[in-house]
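Data first, discussion second: the structure below is written as structure tokens.
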Amino acid sequence: MAKVEDSSPAQATIKATEREKKSPCQIERATEPCAIVIFGASGDLTKRKLIPSLFRLYINGLLPSEFLIVGTGRKDMGNDAFRDKMKKALGNDSAFKNKENKIKEFLSTLYYEQLDYSDLTAYEKLSHKLKELESEGIPGGNRIYYLSTPPSVYTTITENLGLSHLSMENGGWRRIVIEKPFGRDLDSARALNAHIRHYFKENQIFRIDHYLGKETVQDILMFRFANSIFEPIWDRRYIDHVQITTAESIGIENRAGYYDKSGVMRDMFQNHMLQLVALTAMEPPAAFEADAVRDEKVKVLRSIRPIPLSEINKHLALGQYDKGAIDDNAVISYRDEEDIKDNSHTATYAAIKLYLDNWRWKGVPFYLRSGKRLARRKTEIAVQFRHVPHFMFRNVMEDEINPNTLVFTIQPDEGIKLTLQTKMPGTKVCLREVVMDFKYKDFYSGAGVDAYERVLIDCLEGDHTLFVREDGVDYAWKLLTPVLEAIESDPKSAPFEMYESGSQGPELADRLIGKDGRKWRGL
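First residue of the sequence shown: 24, per our numbering; consecutive thereafter.
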């Protein structure tokens with residue numbers, strides 16, 4: 024084959040002119056009045072994510088015309104102090120520049136109630152406060168309880184919500200939103216589910232995974248099932264393997280207390296990573312409805328072959344970030360982070376090879392990797408198709424033809440890419456890889472919604488499609504718990520290696536996929 028001097032793939036970028044750009048397809052404004060009660064409202068998540076997301080929904084006309092937001096927490100502060108704190112959070116966001124009047128309107132809907140999570144009388148006081156506020160202009164009694172708290176108080180809060188009758192749907196609906204992590208292992212997850220179900224029905228429970236609210240994640244289903252050219256080749260006959268990557272360039276930030284007890288597998292794999300596997304591999308649901316979609320996702324999780332503990336080195340590679348550089352800035356190692364022990368063996372990187380034992384995916388490996396302090400931030404699903412079955416150009420070309428790859432980029436730049444082989448102009452037979460590249464930002468204008476906004480909208484609408492069901496949580500933990508128990512009982516039982524911050528990850532991960540004659544996509 025005649026070599027091409029510039030071996031980088033050509034970009035056949037799909038773009039739209041400003042006139043051709045479409046505004047995002049939005050639902051109508053949620054019509055039912057609602058009170059949103061945030062537990063842990065004095066914490067970082069509320070000011071960093073929840074209140075900005077709710078404000079964006081407000082200025083885009085997606086909140087009900089009648090709503091109120093009640094923050095609760097152990098910290099002693101009144102309505103004015105809470106509003107001032109949230110005003111500062113919104114004012115520091117450049118996206119809200121010149122929105123002072125809207126911010127003032129929005130802040131008037133915010134209230135604060137001090138609450139000791141273990142004090143039942145405090146919940147009774149909260150109940151009276153909610154009834155009083157609702158009687159002044161929020162009819163219906165509909166409420167969302169959002170648990171923006173450490174997981175250690177989930178059971179305490181849900182129990183007291185039940186004992187104070189705040190979970191009862193007497194004239195209006197009640198919904199509870201629970202952030203990850205949902206348990207630490209199979210037994211704790213089952214115990215937590217049983218406890219919550221004692222006070223809330225399954226249709227009231229929203230187990231949040233904000234990754235599933237991202238546009239590209241949702242588009243996996245649309246792309247597969249709304250385009251007839253892909254679904255017929257979406258199986259073991261045409262797909263060689265699937266790579267799912269969630270790479271972060273940041274370290275553990277200020278989460279040492281949580282992260283050192285959890286590690287990357289509890290933090291990322293039990294929820295985000297396995298949910299992405301389920302969406303990629305699921306069968307067509309009977310209808311685009313919550314129960315039908317979640318039924319098919321659970322079938323995928325049930326079909327994942329257990330990781331054999333006797334051969335764990337063939338399926339798992341772990342790592343922990345060492346010192347290095349991110350964007351030319353020196354960074355410290357994990358063990359030098361504040362409140363981390365010098366001998367900590369907590370994994371900040373993991374690569375896992377999984378197989379699905381079903382008709383569609385028999386023999387197709389799914390390679391999953393996630394880590395902190397890697398070269399760059401990127402989340403993607405890459406579906407690599409098989410090599411062409413017959414190399415008919417061997418008499419005129421030396422090199423093999425690269426297989427086609429379909430990539431769903433989830434972050435930072437949401438989009439879809441498909442690599443194709445084309446002939447270069449000229450008298451010799453030369454191939455060049457072309458990338459058909461679709462980016463959401465190039466095709467849509469106007470107000471979109473981020474992942475947190477998407478899941479908040481679905482809570483308001485009572486739509487469970489993007490939320491994890493109890494049996495989904497159960498099967499995910501069923502797969503990972505034996506592996507976690509083996510590693511924690513004997514850290515030397517699984518391959519473990521330090522890796523330089525700002526790198527592609529540990530060499531162990533390269534060897535894991537390299538044994539199969541494959542390699543990771545670059546970050």
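Even for Gly, the Cβ is constructed at its ideal location relative to N, Cα and C.
Between the C-alpha atoms of Asn216 and Arg455 there is a straight-line separation of about 53 angstroms. In this structure Phe311 is exposed. Its beta-carbon is surrounded by fewer than 16 other beta-carbon atoms within 10 angstroms. Proximity to Phe253 across Gln407, Asp436, Asn366, Phe105 peaks at Gln407, based on C-alpha coordinates. Distances from the CA of Ile355 to each of Ile375, His368, Gly274, His338 were compared; the closest alpha carbon is that of Gly274. Counting of Cβ neighbours within 10 angstroms places Asp345 among the buried residues, the total reaching 16 or more. According to DSSP, residue pairing for Leu339 in a beta bridge involves Ile375. The beta-carbon distance between Glu89 and Gly160, rounded to whole angstroms, is 6 angstroms. This is short enough to meet the 8 angstroms contact definition. Tyr234 has no beta-bridge partner at all, per DSSP.
Residue pairing by DSSP puts Ser526 in a beta bridge opposite Leu397. Taking 3 residues as the shortest admissible run, the region 106 to 163 contains the following complete beta strand (DSSP E) segments, listed from N- to C-terminal end: 133 to 137.
Cys57 carries a strand assignment under DSSP once its states are collapsed to helix, strand and coil. If you draw a 10 Å sphere on the C-beta of Arg166, you find 16 or more other C-beta atoms in it, and that means buried. Collapsing the DSSP output to three states places Pro514 in a helix.
Distance between Ile404 and Leu391, taken at the CA atoms: about 9 angstroms. Around the Cβ of Pro87, a 10 Å sphere holds 16 or more other Cβ atoms; the residue is buried. Contact between Lys320 and Leu302 holds: CB atoms are separated by about 7 angstroms, below the 8 angstroms threshold. DSSP, reduced to helix, strand and coil, places Asp473 outside both helices and strands of the structure shown, so it counts as coil.
Membership of Glu423 in any alpha helix (DSSP H) is not indicated, and neither H nor E is assigned to it by DSSP.
Boundaries of the alpha helix (DSSP H) harbouring Phe466: 463 to 466, taken from the DSSP string. CA-to-CA, the gap between Phe389 and Ala279 works out to about 30 angstroms. In the three-state scheme derived from DSSP, where H, G and I count as helix and E and B as strand, Gly280 is classed as helix. Collapsing the DSSP output to three states places Asp362 in coil. For a cut-off of 8 angstroms, the C-beta gap from Val387 to His264 is around 6 angstroms, short enough to register as a contact. Beta-bridge pairing by DSSP links Tyr357 to no other residue.
In this structure Leu531 is not in contact with Ala398, their Cβ atoms being roughly 17 angstroms apart against a cut-off of 8 angstroms.
For Ile330, same chain residues with a beta-carbon under 6 angstroms away, outside a window of 5 residues either side, are His338, Val506 in chain order.
Counting the other CB atoms within 10 Å of its CB gives Asp539 a total below 16, which places it among the exposed residues. When secondary structure is reduced to three states using DSSP, Lys346 falls in the strand class. The alpha-carbon separation between Val316 and Pro308 amounts to approximately 5 angstroms.
Restricting attention to Asn381, Cys482, Asp380, Arg325, the CA atom closest to the CA of Ala313 is found in Cys482. Leaving aside the five residues that flank Met109 on each side, the residues in its chain whose CB is nearer than 7 angstroms to its CB run, in chain order, Lys70, Ile74, Leu130, Leu133.
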